[in-house]
Amino acid sequence: MGYDSTLFYGTYEYYAKYRPNVPEEAVQIIVEQFEIKPEDRILDIGCGTCQMAIAMDGKCNEMVCLDSDLEMLKQAKREIERVNLKQKIILVNCYAEDLINRKNGLGIFKLAIICRAFHWMDQNKVLTDLDSLISEDGGIAIISDGSFWTGEEEWQHAVKKVVQKYLGEERRAGKGIFKESPEPWENIISRSAFSVVESKEIEIVRTWTVESIIGWLFSSSFASPKYFGNRIKTFKKDINETLLSINPGGIFNEHDYFNLILASRPRK
């Protein structure tokens, strides 16, 4: 079991270049909350192009970065080589739902991080499996931020309308349609072994250009370049004209939140 392997096909270079970095404040909160030490091991599930590992550089001894998409991991390898990380990075091609079958090879971790990926997983199974992979004094961190599809800025609404003009009203996701979680993630996590749950949010302001907005769209599961076929140039022109009609200067601000769900086991 695992998510649709076509979700991010063709997005990899855009993902590495245009997805916003993880804020330093988020890293600091995680390190302090779980008392991460230089000798600790961290598991990054659904690692994408290793943005979390890059943000965590120097905070731990080793990060095992797992992703089900082999091409995404190849892009991740290029990224970590480019930045020359201090800590050891191990890339593993594996579905999140296969964690328990890899237990002997993976070992035990102080922390598991799932950044911008929890919505793609069989959440209850992953949480159950993590109970045997996380040390007694460890925990999990689920991290997420906004999407242009759900954003509240005027320019985000306009961009969404252009995407819908080309790809339909519903939010695409690989071969299917994106489905929202039926309940808050905090509720789901609180029923797991990691039942002590705390939520934090970091207010952020990002600045975008027409180029970076198009780049972010092409990094997404709902506006991947593969969906547009021979209309991709027309789509880019349409987005460009739409955005410049809102702000001819071509600079767009986004007010968003970086959300952290931090969970651990009850103290004995």
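For the sequence shown, counting from 1, position 2 maps to 2 in the UniProt record's numbering; every step adds exactly one. All C-beta atoms in this analysis are idealised placements derived from N, C-alpha and C, irrespective of residue type, glycine included.
Inter-residue Cα distance where the pair is residue i and residue j
{"i": "residue 148", "j": "residue 95", "result": "26 Å"}
{"i": "residue 263", "j": "residue 40", "result": "17 Å"}
{"i": "residue 234", "j": "residue 177", "result": "24 Å"}
{"i": "residue 140", "j": "residue 7", "result": "25 Å"}
{"i": "residue 259", "j": "residue 202", "result": "6 Å"}
{"i": "residue 127", "j": "residue 151", "result": "28 Å"}
{"i": "residue 60", "j": "residue 116", "result": "21 Å"}
{"i": "residue 137", "j": "residue 34", "result": "8 Å"}
{"i": "residue 255", "j": "residue 27", "result": "20 Å"}
{"i": "residue 90", "j": "residue 130", "result": "18 Å"}
{"i": "residue 67", "j": "residue 238", "result": "33 Å"}
Residue interval of the beta strand (DSSP E) (run including residue i)
{"i": "residue 208", "result": "196-209"}
{"i": "residue 253", "result": "251-264"}
DSSP state of residue i mapped onto helix, strand, coil
{"i": "residue 98", "result": "helix"}
{"i": "residue 186", "result": "helix"}
{"i": "residue 245", "result": "helix"}
{"i": "residue 268", "result": "coil"}
{"i": "residue 109", "result": "strand"}
{"i": "residue 10", "result": "coil"}
{"i": "residue 2", "result": "Below a pLDDT of 50, predicted positions are generally treated as unreliable, and residue 2, at 46, falls in that range; the measurement from the model is reported next regardless. Residue 2 falls in the coil class under three-state DSSP."}
{"i": "residue 218", "result": "helix"}
{"i": "residue 212", "result": "helix"}
6 Å Cβ shell around residue i - same chain, five flanking residues per side excluded
{"i": "residue 85", "result": "57"}
Beta-carbon proximity list for residue i, same chain, < 7 Å, skipping 5 on both sides
{"i": "residue 83", "result": "54"}
For this session: List in chain order: all unbroken alpha helix (DSSP H) runs of 4+ residues lying wholly within the stretch 12-94.
Result: 12-18, 24-33, 51-55 and 70-83
For this session: Tell me the start and end of each unbroken beta strand (DSSP E) in the stretch 112-186 that is at least 3 residues and wholly inside, in chain order.
Result: 134-144
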